[in-house]
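When you read off a place in the sequence shown, starting at 1, and then add 858, the result is the number in our numbering.
Backbone N, C-alpha and C fix where the C-beta goes; we use that ideal spot for every residue, glycine too.
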Amino acid sequence: MKNLAWLLAMAAVFYVAGCSATSILAERGIASLQPGDRREAVIDALGAPDVTEPRGQRFSRYASTPCSGTCVERLWYENPFLPHIEAWSVELDGTGHVVRTSHWASP
859 MKNLAWLLAM
869 AAVFYVAGCS
879 ATSILAERGI
889 ASLQPGDRRE
899 AVIDALGAPD
909 VTEPRGQRFS
919 RYASTPCSGT
929 CVERLWYENP
939 FLPHIEAWSV
949 ELDGTGHVVR
959 TSHWASP
């Protein structure tokens, strides 16, 4: 029983550490991006997106409105430890340049 309690405690510690590390790395990647950066810079900073949202097709897990205006495509990066709770997005214009970045979190 003692071993099980120890194992569960360690699993919780690793989960929290993984979640925190993922958030920190994503925040650093997002912070390194500037409006006008190319799509390649986004991939270099954050890796391949988990979801690509084209204009007019809202990604309902996080966004209340679809990509619109100068945004032609929104790249989504989800926290794998907090699915449906935390994500980051990068909006690209028609030439593949960064328009806006956002951090999304459910309350």
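Using the C-alpha atoms, what's the distance from residue j back to residue i?
{"i": "Asp951", "j": "Asn937", "result": "24 Å"}
{"i": "Arg896", "j": "Val930", "result": "14 Å"}
{"i": "Thr923", "j": "Gln915", "result": "9 Å"}
{"i": "Thr880", "j": "Gly887", "result": "11 Å"}
{"i": "Val900", "j": "Leu891", "result": "7 Å"}
{"i": "Met859", "j": "Leu883", "result": "36 Å"}
{"i": "Met868", "j": "Phe939", "result": "16 Å"}
The beta strand (DSSP E) that contains residue i, what's its start and end?
{"i": "Arg998", "result": "Residue 998 lies beyond the stretch modelled for the chain, which goes from 859 to 965, so this question has no answer here."}
{"i": "His961", "result": "Val956 to Ala963"}
{"i": "Ser890", "result": "Careful: Ser890 lies outside any beta strand (DSSP E) and carries neither H nor E."}
{"i": "Ser947", "result": "Glu944 to Leu950"}
{"i": "Thr928", "result": "Element bounds for Thr928: n/a, residue is neither H nor E."}
{"i": "Pro941", "result": "Where Pro941 is concerned, there is no enclosing beta strand (DSSP E), given that its DSSP letter is neither H nor E."}
{"i": "Thr910", "result": "Val909 to Pro912"}
Would the beta-carbon of residue i fall within 8 Å of that of residue j?
{"i": "Leu933", "j": "Thr910", "result": "yes"}
{"i": "Tyr826", "j": "Pro893", "result": "Residue 826 lies beyond the stretch modelled for the chain, which goes from 859 to 965, so this question has no answer here."}
{"i": "Val957", "j": "Thr928", "result": "yes"}
{"i": "Ile943", "j": "Ala963", "result": "yes"}
Would you give the residue range spanned by the alpha helix (DSSP H) that residue i belongs to?
{"i": "Arg897", "result": "Arg897 to Leu904"}
Does DSSP put residue i in a helix, a strand or coil?
{"i": "Ala921", "result": "coil"}
{"i": "Thr880", "result": "helix"}
{"i": "Met868", "result": "helix"}
For residue i, is the classification buried or exposed, using 16 other Cβ atoms within 10 angstroms of its Cβ as the cut-off for buried?
{"i": "Ser947", "result": "buried"}
{"i": "Thr959", "result": "buried"}
{"i": "Leu865", "result": "exposed"}
{"i": "Ala945", "result": "buried"}
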